[in-house]
Each structure stands twice: as structure tokens, then as C-alpha cells.
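K.L.:
Numbering (my numbering), first residue to last: -15 to 821.
Glycine included, C-beta positions come from ideal geometry on N, C-alpha and C.
Got a structure for you, questions after.
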């Protein structure tokens, strides 16, 4: 059933008449236990209890009410009424209240529905007519929106199409924008001689005639002076041929703008040179940090991201005919008590880059520099001062403003928002994970969570940053708008309530053209096909063979594999309930056919529960040991502790591929699925969860396989079926290996990612320029929300303290990064001190 805007109001009354008796009994069952919030599974379970006749139940489910129930995400029960939150398609929500006594139906607004929900937790707040309502959507009414659920995440294409109409009406806006381009005090593309659209059009025609007479490879420097006299500056291209192409694209835009030429042109505009990336929490470093608290995939993502962005910027700057050197700063926290890492080093060159560095800024309190690690949940009181100090350092190192700021996670996004607003810079945000969706009912029950997690501050910070951003980068569609069955992470922020604080009637709209999907890749210097024998890391062969096949047990591995000729199915993840490694082990253990066909290798966690401080991990460790004993897995099963050497892990994937095995990702939910990308990049056949990002990465039955984490028997049979077929036909395994590689090369590489992100930075900078009045109005609203809500909430979070330390040394001049390669670069080794005070 297709849910449309009018379908609720029209469908339910008709359904009531058709199935009145069954529906009445069903609603009475829902209200039997009084006030509560019910999820879809509870609604269905209780309906089955009441309507136990299969034929009658099928009749109800095939009717309009049944179909509406299938789209219900939750229901609020306040006898005698039941209110349903119905999500027909991603991003499209409707609300309806049904009276269980007379079956009357009333459509609700999101505000009315939220008030009913609040009534269960804070009746006084729900009845308060002056309760604060947050409505960011009210400030965006003049801007265009996408309309189709299938278009969500294609914001850049949508913006390009809208720019065509804007440029057709007002080409002067583009002229003014191009006149504003400069870097390091040098004008780019054009000067004030060409200050009108008419002048620019005429000069482009004359330039085309002139360039047509030159060989295509004539360097720009050969005709630079001639061009300058005509009003053109450098930045059009490195050669006559490139300059001519760029100028013709612009001429066509001025004559008849179209989205394709707009995309092509802004991809060539010299707009992005220096980039600042914020990742504040955890131990951000290049070695010896993975596995430390709050330190994992985000660090890997950013380090790979930086290399790709620098390569893309170098290529673009060269093709633009410029000699500037791009600079990328990853700004994080300096931690004096660094646990044998370099997190106490202020400036650190990034391996594999020429001009990129990690810049670390300490947290400062009234007692001085904070030496100890701080949990990501307790980090908020330090961020405002951190932003101020970081801004001072960044401006000093870059000798000016950056061109693009990218935030990561809640803390990095908030800092990016504060700095971008202060300096007037284009800003992007990357959520990685929005905590509100990870903890069920953490908004409505925030008072229960706040003493430990401070979600009131975090949710407020998330709202501020996602509404401040000029564009939002997501790894998958599901991150934004979920799937048919479940709402996306951002979608869950469309409307929600935090009773006693505020009611969000419009937090973010997933149809906003700021949303863009740019999937990361895997580092292709580490994760490459197993068939590339000349590139393989042979130095790891001996250690990996011992890791997989040694018969002894030690602190790194337990269990053993008797039959080394069997293929290996392999999984590597954190040892927690969501990642479901124990679930995969149990599937394998119970499937005799699968056990006969393959061995199982699990990489994750500790063996000794006493080494873990995480209650969930401790429980999973105990469960894994129990499964090994219960099903007598030794001989077919190997459990290896968590591995942090990425380079060796890349070779481990390839060694599993040598056995003609498979990678299995069994998570109950996976936001993206970087290990899926890594495995497929190595040519390893992959089975992955159908819940979350992997469902987008893999085309089921073509480039790999989807498995259902809630149905272990079906999933293990699917794996066994594959190995039976590949055992009979070796080309069957090869086909999926090759198709997986092709899928990665077409859609999931860092080169593709970097190209998209720099294009976004260039185009959205112009979009920001066009909509500066609306941007200013929204920033005023955000500023009020920040000062009146966020700052007060942060005061409730305790400030940590250290043992008193000597006063900081007087500031010394910062040694700026040189433009030489990483190993030869000068590294500043400054004493810890109060920066920018």
C-alpha cells in the first residue's frame, strides 16, 4: 500500500466499518495495560493474541488498518485513545488518534502527537502552553526541497538544477562571486575589469578566438599577461586547451545554464585550498591508539580521508594552473597523559601526505590544562574554550582563514559550527553516529540517561550543528532516511521531544538539499586484490600462518583448525551485542553442513573477561566461551583477539581469500560497514547484514550476499549453499569475487569520495553566497538556542580536575609545518601551555 497524504484520514474509517469487532478488541487490548508507548512488534504481538483466528487476522492485515499498522513506527496509548505515528515512506510521517470506545478517528499534527507522548512522562510539561518549541523548518520556508524519498541524499545534483534557474534570472550573482575569489592575496579567475555579466560574456568570446589560435598544450604563463589586460586572472587552467574548455563551460552557463555545465564549472573553480577537519574526542593519532577509549573507526576514516582530499586538491590545483600548496589540518585534543601515544604532541605530520598535519589543542579549565582523558559523553563543557584556542592556532598556521571546515561526530561538528559561524566559512558535518538512535527512547526518557550520558547536551549540540552546516555528508542513504522498516538516524531528528527542556517540531528535514551521500573507501595501499601477488605483504605470511593455524593457544588466539584445506569464513569486529559475533558463532555451531564445509575464524575482543571494563563485552566474552564448550568447536574454530595493525589486517583478508573463503558481517545493525568495503577490496567474497549500510554496498546475489541477522538458520544455510556450489564449480567463487571488486571500484573508493566532497565544497560555497540573508537569519536563531539552552545544559556536567601542576610556561612562537614530505618535516615540540588566552 502506498501511503499518501490523504490516505490516513480516508483509510481508517473505511477499515473500521469493515472490521469493527476485531479492531475494537484489538484497541481494547492495547489500552488494557494503561498508558505506554508501544513499538510495532508489540502492536503486532498483541493483535495476534486478540485475533487468534488466522483467517480473520489475515483479513484485518489485508485491509487498510492492517496496512497502516505495518507502517506504524510506534503508538502512544492514553486510554481510551491510541495515537499512531505512521511512516508511509522515508521522511513522510503522519499521525492519527483512534478512540477505542467509539472508533472515532482524528488526524494529529506532529506537535499534538508529541504532547500526547509527553503526557506519559511529564504531564505538567505537556499541558504547559508556554513550553519551548524548536522549529528550524520555519526559517527554511523560502528554500527549495527535494520531494521524492528516492532523491534523498542527492542534494548536490538538486542544488545544481536550482542554480540554473537562479543564474538565468540573475547572472550578476555569479560574476560577483567569481570576483570574490582569491588566495594568499592573489586574485583568481577575474578582476574588477569584468564587473558585469555583459562584460564577462564579451571577454569570454574574445578569449575563445584568441585561444583557438594557440596549441592546446601552450602553458598559461605564455599568455598570462595578455589575459590580465583583458580582465582574466590565473585559475582557469594550466594550458590553453584547459583554459578554453573552462571558459566555454562558463559561456554556456551565462547563455543557458544547465545542471551538467554548472557541475562541471564548479568542479574547476579554484575555491578550496585549505581544509580544517575537527575530530575532538578520544586519542586521535596514527599509531598505538586503536582500541583506546572512544578511539576506533572515526580515526581510520579521517586519516584515509585526508590522504584522498590532499591528492584531489593537488591534482585540481595543478590542472587550474596554480602553484599553491594545499594544507589540511586535523584538529583534535592534546592529552598530556597520552598513554604512550603521540597525543601529547602539538603538531604531527600525517603519514603519506605532503602538506597535512594533526594539530592538537589542550582542554583548558580555570585550573589550567586538563591532563587526563575525557569521555566523549563528558566533553561538552570544554568545547567553547577549545574552539576559541583552536581558531587562534589555525589562523596562525594557515596565515588566514581555511576555505572549508569539516566536523566529525557531535563534538567536532559543534566546534566546526562555532568556528565557521565566527569566520564566515563554508562548513560540512559528518555524524558517524547519532547517539539518539542508538539508545531507545533516550529523548523522551532523557532524565534517566542524563547523569551518565548527558544526552540533553548532546542532542542539543547535534541540532545546532546539523542546522548550521552548509552541507551534510552521509555514508549511506540509510544513515539519512533509513529503510522501509526503520527510520534513519537523521530522520529521527525530524520531530522529537525532550520533556522539560524543549519540543522539537522541526529539527531537520531529510528532504533538505544539504544532504549528500559520499561513501568512504578503503586505503588502496593496504586493501587491494589478493591476486596482486607483486604487491602483497609477504613479510606477514609467517605471522598470519601462525595466527590462523598454530595448534597452540596463547594470549592472542585460542581454538585451532584441524583441516587446513577447508575454506575459512571470517569475521572481524568489536565484541558487542550489536556486532553479533557470538550470533555468527552460534549459527555456525548449529549448522552441521556448514561446519563440514568450512572453518570459522573470529577476530575481536579479549579472551579474559577481567581485561575488559565494558559490561557488554564481558557478557559476550563469557557467551563465546560457553558456545565453544557447548558445541565442541575446537578443531573447526579459531578465536583471535582484536587486531590493530591495519597493514597486517589487509594481508589477513587476502590470506582468507587464498583459502577461497568468505567474510561474514552479521551485525544486527551496521551504519556503514567499512570492514565490508575492506574485504571486498581484497577480492574476498562477502556476506553482510541486510540491516544498514551493507545492504547498499552489496547487490544481493551479484556482488555478494545479504544475510538476515534475526534468522541465523536461514543465514547459515545461505552461506552453506554458496560453499557447496563453489566447491563444485570454482568459477562460481571467482564470479562473486570479481563482481565484488567491480562494485568497489565503481562506487566505493576514496578517490570518488574526495572528488564528491571537494565538488560539494565549491558548489555549496556559492549556494551559501546566494542565500546569505536566509543563512544569517537562521544563524541568529541558532545563536539564541545555543546561548539559552546548550550553555545552560553544559553547566550541569561536572568539570574534571587533575592533581595541581606547575603554572604553564610563557607562550613560544609556534613552529609552522613546512612544505616538505612527512619524514623530513619539522615537528614543533612545544611545552603544554594555554593557547590563545
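Cβ atoms of residue 769 and residue 118: under 9 Å apart, would you say?
P.N.:
As a first step, residue 118 is located in the chain shown; it is residue number 134 there, counting from the start. As a first step, residue 769 is located in the chain shown; it is residue number 785 there, counting from the start. Yes, Cβ-Cβ distance for residue 118 and residue 769 is below 9 Å.
K.L.:
Give every residue of the same chain whose Cβ lies closer than 6 Å to the Cβ of residue 553, excluding the five residues on either side of it in the sequence, and list them in chain order.
P.N.:
The sequence position of residue 553 within the chain shown is 569, counting from 1. If we look at residue 553 and ignore the five residues flanking it on each side, its Cβ neighbours are 582, 584, 645, 646, 648.
K.L.:
If we ignore side chains and look at the alpha-carbon of each, how far apart do residue 436 and residue 345 end up?
P.N.:
Position 452 of the chain shown, counted from the start, is the residue given in the question as residue 436. Position 361 of the chain shown, counted from the start, is the residue given in the question as residue 345. Cα to Cα, the separation comes out at about 26 Å.
K.L.:
Go ahead and pull the three-state DSSP assignment for residue 92.
P.N.:
As a working mapping, residue 92 is identified with position 108 in the chain shown. Note: residue 92 maps to strand in three-state DSSP.
K.L.:
For residue 77, name the three-state secondary structure that DSSP assigns.
P.N.:
Within the chain shown, residue 77 is the residue found at index 93, counting from 1. The answer is strand: DSSP assigns residue 77 an E or B state.
K.L.:
From the DSSP output, in three-state form, read off residue 84 for me.
P.N.:
In the chain shown, residue 84 corresponds to position 100, counting from 1. Of the three classes helix, strand and coil, the one that applies to residue 84 here is coil, per DSSP.
K.L.:
At what residues does the beta strand (DSSP E) containing residue 673 begin and finish?
P.N.:
In the chain shown, residue 673 corresponds to position 689, counting from 1. Its beta strand (DSSP E) spans residues 669 to 673.
K.L.:
Give the secondary structure of residue 65 by DSSP, where H, G and I count as helix, E and B as strand, and everything else as coil.
P.N.:
Counting from 1 along the chain shown, the entry for residue 65 is found at position 81. The answer is strand: DSSP assigns residue 65 an E or B state.
K.L.:
So if DSSP puts residue 445 in a beta bridge, which residue, or which two residues, is it bridged to?
P.N.:
The residue given as residue 445 occupies position 461 in the chain shown. According to DSSP, which records beta bridges pairwise, residue 445 is partnered with nothing at all.
K.L.:
Suppose contacts are defined by Cβ-Cβ distances below 9 Å. Is residue 602 in contact with residue 596 by that definition?
P.N.:
Along the chain shown, one-based indexing puts residue 602 at 618. Along the chain shown, one-based indexing puts residue 596 at 612. A contact, by the Cβ cut-off of 9 Å.
K.L.:
Can you give me the start and stop residues for the alpha helix (DSSP H) that residue 232 sits inside?
P.N.:
Taking the chain shown and counting its residues from 1, the one referred to as residue 232 is at position 248. Where residue 232 is concerned, the enclosing alpha helix (DSSP H) stretches over 224 to 239.
K.L.:
Are the Cβ atoms of residue 22 and residue 60 separated by less than 9 Å?
P.N.:
Here residue 22 refers to the residue found at position 38 when the chain shown is read from its first residue. Here residue 60 refers to the residue found at position 76 when the chain shown is read from its first residue. Yes, the Cβ-Cβ distance between residue 22 and residue 60 is below 9 Å.
K.L.:
Go through its chain and collect everything with a Cβ distance to residue 615's Cβ below 6 Å, but skip five positions before and after it.
P.N.:
Start at 1 with the first residue of the chain shown, and residue 615 comes out as number 631. If we look at residue 615 and ignore the five residues flanking it on each side, its Cβ neighbours are 573.
K.L.:
Which stretch, first to last residue, makes up the alpha helix (DSSP H) that contains residue 354?
P.N.:
For the purposes of this step, residue 354 is identified with residue 370 of the chain shown, where counting begins at 1. From DSSP, residue 354 is part of no alpha helix (DSSP H); its letter is neither H nor E.
K.L.:
Looking at the unbroken beta strand (DSSP E) that takes in residue 761, where does it start and where does it end?
P.N.:
Taking the chain shown and counting its residues from 1, one reaches residue 761 at position 777. Looking at the DSSP string, residue 761 is not in any beta strand (DSSP E); the run it does join, the alpha helix (DSSP H), is 756 to 769.
K.L.:
Identify the residues that DSSP records as bridge partners of residue 688: which are they?
P.N.:
By 1-based counting over the chain shown, the position of residue 688 is 704. Beta-bridge pairing links residue 688 to 684.
K.L.:
Buried or exposed for residue 443, going by 16 or more other Cβ atoms inside 10 Å?
P.N.:
Taking the chain shown and counting its residues from 1, one reaches residue 443 at position 459. Buried, by the Cβ-count rule.
K.L.:
By Cβ distance, which residues of its chain are closer than 8 Å to residue 424, with the 5 residues on each side in sequence left out?
P.N.:
In the chain shown, the residue the question calls residue 424 occupies position 440. So no residue of the chain qualifies.
K.L.:
Which whole-angstrom value describes the C-beta separation of residue 662 and residue 511, a residue pair presumed to lie in contact below a C-beta threshold of 8 Å?
P.N.:
Along the chain shown, one-based indexing puts residue 662 at 678. Along the chain shown, one-based indexing puts residue 511 at 527. Contact holds; Cβ gap of about 5 Å.
K.L.:
Using a Cβ-Cβ cutoff of less than 6 Å, which residues in the same chain neighbour residue 710 once the five nearest sequence positions on both sides are dropped?
P.N.:
For this step, residue 710 is matched to residue 726 along the chain shown. Only 716, 717 meet the Cβ criterion.
K.L.:
Should residue 4 be labelled buried (16 or more other beta-carbon atoms within 10 Å of its own) or exposed?
P.N.:
Stepping through the chain shown from its first residue, residue 4 is reached at position 20. Flag for residue 4 reads exposed.
K.L.:
Quick check: what's the CA-CA separation for residue 509 versus residue 747?
P.N.:
As a working note, residue 509 is residue 525 in the chain shown. As a working note, residue 747 is residue 763 in the chain shown. If I take the Cα positions, the gap works out to 30 Å.
K.L.:
When you compare only the Cα positions, how much space is there between residue 290 and residue 273?
P.N.:
Against the chain shown, residue 290 aligns to sequence position 306. Against the chain shown, residue 273 aligns to sequence position 289. Going by the C-alpha atoms only, they are around 18 Å apart.
K.L.:
Per DSSP, what kind of secondary structure is residue 4 in: helix, strand or coil?
P.N.:
Reading the chain shown from its first residue, position 20 is the one you call residue 4. Reduced to three states, the DSSP call for residue 4 is helix.
K.L.:
Determine the direct distance from the alpha carbon of residue 558 to that of residue 280, and round the result to whole angstroms.
P.N.:
What you label residue 280 is simply residue 296 of the chain shown in a count that begins at 1. What you label residue 558 is simply residue 574 of the chain shown in a count that begins at 1. In a straight line, the C-alpha of residue 280 is about 10 Å away from that of residue 558.
K.L.:
Beta carbon of residue 528, beta carbon of residue 636: below 9 Å?
P.N.:
Here residue 528 corresponds to residue number 544 of the chain shown, with the count starting at 1. Here residue 636 corresponds to residue number 652 of the chain shown, with the count starting at 1. Cβ atoms of residue 528 and residue 636: closer than 9 Å.
K.L.:
With DSSP run on the structure shown, which of helix, strand or coil describes residue 159?
P.N.:
Position 175 of the chain shown, counted from the first residue, corresponds to residue 159. Here residue 159 sits in helix by DSSP.
K.L.:
Let me know if residue 525 comes out buried or exposed under the rule of 16 or more other beta-carbons within 10 Å of its beta-carbon.
P.N.:
The count along the chain shown starts at 1 and reaches residue 525 at position 541. Answer is exposed; the Cβ neighbour count stays below 16.
K.L.:
Which residues does DSSP list as the beta-bridge partners of residue 167?
P.N.:
Taking the chain shown and counting its residues from 1, the one referred to as residue 167 is at position 183. For residue 167, which the question treats as bridged, DSSP gives the partners 170.
K.L.:
What three-state label does DSSP hand residue 428 in the structure shown?
P.N.:
Taking the first residue of the chain shown as 1, we reach residue 428 at position 444. Correct three-state label for residue 428: coil.
K.L.:
Under a Cβ-count criterion, where at least 16 other Cβ atoms within 10 Å of its own Cβ denotes burial, should residue 223 be classed as buried or exposed?
P.N.:
Here residue 223 refers to the residue found at position 239 of the chain shown. With 16 or more Cβ atoms within 10 Å of its Cβ, residue 223 is classed as buried.
K.L.:
Apply the 10 Å Cβ neighbour rule to residue 19 and answer buried if 16 or more other Cβ atoms are within range, or exposed otherwise.
P.N.:
As a first step, residue 19 is located in the chain shown; it is residue number 35 there, counting from the start. By the 10 Å Cβ count, residue 19 comes out exposed.
K.L.:
Taking only runs that begin and end inside the region 386 to 438, name each unbroken alpha helix (DSSP H) of 4 or more residues, in chain order.
P.N.:
Whole alpha helix (DSSP H) segments, 4+ residues: 393 to 407, 430 to 437.
K.L.:
I'd like to know whether the C-beta atoms of residue 625 and residue 652 end up nearer to each other than 9 Å.
P.N.:
On the chain shown, residue 625 is found 641 positions in, with the first residue counted as 1. On the chain shown, residue 652 is found 668 positions in, with the first residue counted as 1. No, these two residues do not count as a Cβ contact at 9 Å.
K.L.:
So, for residue 158: in the same chain, excluding its five sequence neighbours on each side, which residues have a beta-carbon less than 8 Å away from its beta-carbon?
P.N.:
To locate residue 158, count along the chain shown from 1; it is residue 174. Excluding sequence neighbours, residue 158 sits near 151, 181, 237, 238, 750.
K.L.:
Let's see if you can read the secondary structure: which residues bound the alpha helix (DSSP H) around residue 282?
P.N.:
Counting from one through the chain shown, the residue named residue 282 turns up at place 298. Residues 281 to 303.
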